[in-house]
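What follows is a set of notes on a single structure, which appears directly below.
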Amino acid sequence: MSLLHMAVLAPFLLALIVPTLYKQFRQIHTGWFVLILPILLFTYFLRFIPLTKQGDVITERADWIPSLGIHVDFYVDGLGLLFALLITGIGSLVVLYSVFYLSKEKERLNQFYVFLLLFMGAMLGVVLSDNLIVLYSFWEFTSLSSFLLIGYWNERERSRYGAQKSLLITVLGGLSLLGGIILLSIMGNTFSIRELIAQSGQLMDHTLFTPALLLVLLGAFTKSAQFPFHIWLPDAMEAPTPVSAYLHSATMVKAGIYLVARLSPVFAESGLWLWLVSITGLITLLWGSFSAIKQTDLKAILAFSTISQLGLIMSLLGLGAAALHYDSIGENLYVAATVAAVFHLINHATFKGSLFMVAGIIDHETGTRDIKKLGGLMQVMPITFTIAVIGAFSMAGLPPFNGFLSKEMFLASMVNVLELNIFNMDTWGVLFPVIAWVASVFTFIYSMIVVLKPFTGKFQANLLDRKPHEAPIGMLVSPIILALLVIVFGIFPNLLSATIIEPAVTGIQPSLAADDFHIHIAFWHGLTPELFMTIGIIAVGFVLYLSLPKWQKSLQSLPERLSLNVLYDNGLRGLERSSASLMKRLMTGSLRTYLLSIFLFFILSLGFTIYWKDAFTLDTKHFAPIGFYELIVAGIIVAAAIAILFAKSRLTSIIILGAVGYAISLFFVLLRAPDLALTQLVIETISVSLFLLCFFHLPLLASRKEERMSFRLNNALVSIGVGVIVTLIALSAHSNKLFDSISSYYLENAYKEAGGKNVVNVILVDFRGLDTMFEITVLSIAALGIFAMIKLRLTRGKDPS
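Residue numbers (numbering that gives the first Met the number 0): 0 to 800.
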């Protein structure tokens, strides 16, 4: 196993050790032990920067299911490295922050860090996997581990609700993604992302191309909280602040962004991809920024701001696809849009991570996140205020912070849309800069709310649960580092150009690697349309912020019953009610009803399939001749089976049933299988004896007369139907032998390979030894369960413990 494989597996391995560390070193915060790993991983991935800068791709393979073409292939290119550095770098700062945020006396730290490490390892697996099945496995693991993190405070109803909501929506998208992966594998005959990219020109003409595109995008949109699937993210804010800072600034919500970026070379030549990705991103940007203004909880504002920023990045990735269709204009647009997407991806992780930590500090030190209660904290928390100013101003797109640069590039990309004359962009494309500008105004407003409402204005100590003071230095270190990165990346953006951004962009569009491709980011580009748009954003946004009390209340008057959250809740309740109603009808407590439902479904589904596919065939040339004695035994079996229906007592039914079993053993004798005949005789004797023993202890019938069952036509029809369907399937299966029988292999190799002359015994013990072992294990578990039930003695009304 390579070092790269170990880097991905390391968080899972450490997660196994964390409970022991927590138990053995109670006096030390468990986070200090955990912190070592993300720092080491971040350092390990830093060494790849010189290689990816040169265009190298580092690949490592480990076989998993080679017969199906599934290998654990990990590879590091510019795009994968960018995400790996975000996952481990932000992860290191989040773990450090959590050491001071979570009390080792009050919190279940063993569970918290196990969940966090599982999530970290799953995210690394997603961004470094080349095999789509492996990627999907890690993808679903991120949903599971984020569910555990969001529901960490499981004693709170809102935490459980948020965790369930995120799991249902993201897993639904994950199943869609699996469907897309299967279609891609059918189209390209491979699960390898790199091989699919190499075949992208041929895949577009395939009939499954559009369904695969839609399924993949559904998976990406649900994970990255794109409209209308964004509703899970605000409720996920019930998680501890370190979780919010990690999942919703640099990792969980960026998984969908990564998937779109990674698979863009496969789908980008389609106009459907361009329109769906870019329009969905813009709608998400507008709706998220508009919704953020309505919130009064700091983390809720940041949650909706995350939704809007994710929409911004998604729209840029959609526009980047346009370059594959046209000349230098399209190429310039692609480079501008994709560079902006990658740069803003980095910037968002820095300023949003710091703002989430600021929100956590305010909550930790004041006991509330309600901006209606907060105010004037600048005088008691000056360092936290400074960090908030840097993060919020960067999010608003103000100079000299990094958010200003990527926001300018975003606006430039929106304006350049008008130069494209593909897919009706020259007409409908005018909506792009308009929506982008309006959403940016809302972004400016909510950014000002985040920093000015809590820290300026009147200090209201009487409304706070605790006496506020500046956070301890340990809690400030992580947000200070992120705030410094905001400034450094803003003043010296080209520190990232050649080392991180260029390799990531070529990872999204491999064809650029062959060109003399370089990026230079500058503050001043002259009097450009995007500069005037920015000035307008600041002016209009500032005026609207000052008049916020006059028009913000009108936003609260919008009918809540029309929201997507209400639709989700009502849909879930309706599903629960319909399920309960269906189960009430089906789960009657009657075994006869259950069997009737099962057999009826069996008849309809298989009968319809046989008819629809014209699957029944009858070929008698392989049938052995039927002897006189075999007909007699078959007649006995049929007669005994029918006689059971007319038996008037339990004893008679058991005896006739035993006759059926003994007659079957005669078949084995006639067919020269004495060992099977002996086994059947032993089993039948034991079964009949046990039946007689059990029925002896049953109470007498209520009427004390022989039981007589009335004839029911529906039961008779279902019984006959099952027999007919099974017979048809057996005859058809025997007549459609697509492969040579494996029996000859066993006959030839039983003695030679296993040293046994009894072929049946050799098959059970050697060739199918594992199968037999598991069967014995299942029987042993069942026996232990029965023994425990027999020995268990409970008194009614008494606690079993």
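The C-beta atom is built at its ideal place from N, Cα and C for all residues, glycine as well.
All values reported here derive from a predicted model rather than from experimental measurement.
I'd like to know whether the C-beta atoms of G375 and F454 end up nearer to each other than 9 Å. Counted from its first residue, the sequence shown places residue 375 at position 376. Counted from its first residue, the sequence shown places residue 454 at position 455. Yes.
When P478, L404, T367 are compared against L463, the one with the closest alpha-carbon: Within the sequence shown, residue 463 is the residue found at index 464, counting from 1. Closest by alpha carbon: T367.
Roughly how far, in whole angstroms, is the beta-carbon of I643 from the beta-carbon of S652, given that I think they are within contact range, below 8 Å? One-based indexing of the sequence shown puts residue 643 at position 644. One-based indexing of the sequence shown puts residue 652 at position 653. About 6 Å; that satisfies the 8 Å criterion.
Could you tell me which of I682, L727, F710 sits nearest to T608, measuring between CA atoms? Your numbering for residue 608 matches position 609 in the sequence shown. The candidate whose alpha carbon is nearest that of T608 is L727.
Would P478 and Y96 qualify as a contact pair, given that the criterion is a beta-carbon distance under 9 Å? Residue 478 sits at position 479 when you count from the first residue of the sequence shown. Residue 96 sits at position 97 when you count from the first residue of the sequence shown. Yes, the Cβ-Cβ distance between P478 and Y96 is below 9 Å.
Delimiting residues of the alpha helix (DSSP H) encompassing W286: By 1-based counting over the sequence shown, the position of residue 286 is 287. Where W286 is concerned, the enclosing alpha helix (DSSP H) stretches over 270-292.
Ordered list of alpha helix (DSSP H) runs contained in the stretch 139-222, each at least 4 residues: 156-187, 192-197, 199-202, 208-222
From what residue to what residue does the beta strand (DSSP E) around H70 run? As a working mapping, residue 70 is identified with position 71 in the sequence shown. That run of the beta strand (DSSP E) goes 69-75.
Candidates L115, D55, D72: closest to W63 by CA position: Sequence index remark: in the sequence shown, residue 63 carries index 64 (1-based). Taking only the C-alpha atoms, the option nearest W63 is D72.
When the Cα of N748 is compared with those of V758, M788, V433, which residue comes out closest? Within the sequence shown, numbered from 1, the residue matching residue 748 stands at position 749. It is V758 whose Cα lies nearest to the Cα of N748.
Note down the Cα distance separating G310 from T587, rounded to an integer number of angstroms. Taking the first residue of the sequence shown as position 1, residue 310 is located at position 311. Taking the first residue of the sequence shown as position 1, residue 587 is located at position 588. When rounded, the distance between both Cα atoms is 49 Å.
Local Cβ density within 10 Å of Y593, reported as buried at 16 or more and exposed below that: Taking the sequence shown and counting its residues from 1, the one referred to as residue 593 is at position 594. Label assigned to Y593: exposed.
CB F82 to CB Y257, shorter than 9 Å? Along the sequence shown, one-based indexing puts residue 82 at 83. Along the sequence shown, one-based indexing puts residue 257 at 258. Taking 9 Å as the Cβ cut-off, F82 and Y257 qualify as a contacting pair.
Compute the Euclidean distance between the alpha carbons of S779 and L275, then round it to the nearest angstrom. Taking the first residue of the sequence shown as position 1, residue 779 is located at position 780. Taking the first residue of the sequence shown as position 1, residue 275 is located at position 276. Answer to the nearest angstrom: the Cα atoms are 55 Å apart.
At 4 residues or longer, and completely inside the stretch 338-420: list those alpha helix (DSSP H) runs for me, N to C. 381-395, 401-415
If we require 4 or more residues per run, which alpha helix (DSSP H) segments fall completely within the stretch 645-728? 649-669, 673-695
So which of T206, L214, D76 has the shortest CA-CA distance to V170? Looking up residue 170 in the sequence shown gives position 171. It is L214 whose Cα lies nearest to the Cα of V170.
Say whether the stretch 21-39 touches the stretch 107-117, bearing in mind that this needs 3 or more beta-carbon pairs closer than 8 Å, one atom from each stretch. yes
Top-ranked residue by Cα proximity to A219, from M203, T189, G179, L127: Within the sequence shown, residue 219 is the residue found at index 220, counting from 1. Of M203, T189, G179, L127, the residue nearest in Cα terms is G179.
Segment contact flag, the stretch 399-410 with the stretch 246-253, C-beta cutoff 8 Å, min 3 pairs: no
Tell me the DSSP bridge mates of F59? Counting from 1 along the sequence shown, the entry for residue 59 is found at position 60. The question names Phe, but residue 59 is Glu in the sequence shown. The partner list for E59 (beta bridge, DSSP) reads F73.
Between the CA atoms of W436 and G402 - distance to the nearest angstrom: Position 403 of the sequence shown, counting from 1, holds the residue named residue 402. Position 437 of the sequence shown, counting from 1, holds the residue named residue 436. G402 and W436: Cα-Cα distance of roughly 15 Å.
Can you give the Cα-Cα distance for G396 and Y544, rounded to whole angstroms? Numbered from 1 along the sequence shown, position 397 holds the residue referred to as residue 396. Numbered from 1 along the sequence shown, position 545 holds the residue referred to as residue 544. About 16 Å.
Let's see if you can read the secondary structure: which residues bound the alpha helix (DSSP H) around K298? In the sequence shown, counting from the first residue as 1, residue 298 sits at position 299. It spans 297-319 - the alpha helix (DSSP H) in which K298 sits, taken as one unbroken run.
Please name the residue in S353, I292, L316, I345 whose C-alpha comes closest to that of A335. One-based indexing of the sequence shown puts residue 335 at position 336. A335 has its Cα closest to that of L316, out of S353, I292, L316, I345.
In chain order, what residues of the same chain lie with their CB nearer than 7 Å to the CB of L207, ignoring the 5 residues before and after it? As a first step, residue 207 is located in the sequence shown; it is residue number 208 there, counting from the start. Closer than 7 Å at Cβ, skipping near neighbours: L182, I185, M186.
Could you tell me the boundaries of the alpha helix (DSSP H) in which N760 lies? On the sequence shown, position 761 is the one that residue 760 refers to. Here the alpha helix (DSSP H) through N760 covers 758-761.
Taking 6 Å as the limit between beta carbons, can you name the residues of its chain near S446, skipping five residues before and five after? By one-based count along the sequence shown, residue 446 stands at place 447. Counting only Cβ-Cβ distances below 6 Å, and skipping sequence neighbours, we find A391, M394, A395.
Element boundaries [alpha helix (DSSP H), containing E237]: One-based indexing of the sequence shown puts residue 237 at position 238. Premise fails: E237 is in no alpha helix (DSSP H) and is neither H nor E.
Distance, Y744 Cα to Y43 Cα: Within the sequence shown, numbered from 1, the residue matching residue 43 stands at position 44. Within the sequence shown, numbered from 1, the residue matching residue 744 stands at position 745. Spanning the two alpha carbons is a distance of roughly 52 Å.
Pairs of beta-carbons, one from the stretch 114-127 and one from the stretch 279-286, closer than 8 Å: are there three or more? no
CB-CB under 7 Å to T87, same chain, minus the five flanking residues each way: which ones, in chain order? What you label residue 87 is simply residue 88 of the sequence shown in a count that begins at 1. The residues are P37, L40, F41, F44.
What is the rounded straight-line gap between the Cα of G173 and the Cα of T279? Position 174 of the sequence shown, counted from the first residue, corresponds to residue 173. Position 280 of the sequence shown, counted from the first residue, corresponds to residue 279. Each residue's alpha carbon lies about 18 Å from the other.
Let me know the alpha helix (DSSP H) ranges lying completely inside the stretch 1-41, each 4 residues or longer, listed in chain order. 2-23
CB I89 to CB Y245, shorter than 9 Å? Within the sequence shown, residue 89 is the residue found at index 90, counting from 1. Within the sequence shown, residue 245 is the residue found at index 246, counting from 1. Yes, Cβ-Cβ distance for I89 and Y245 is below 9 Å.
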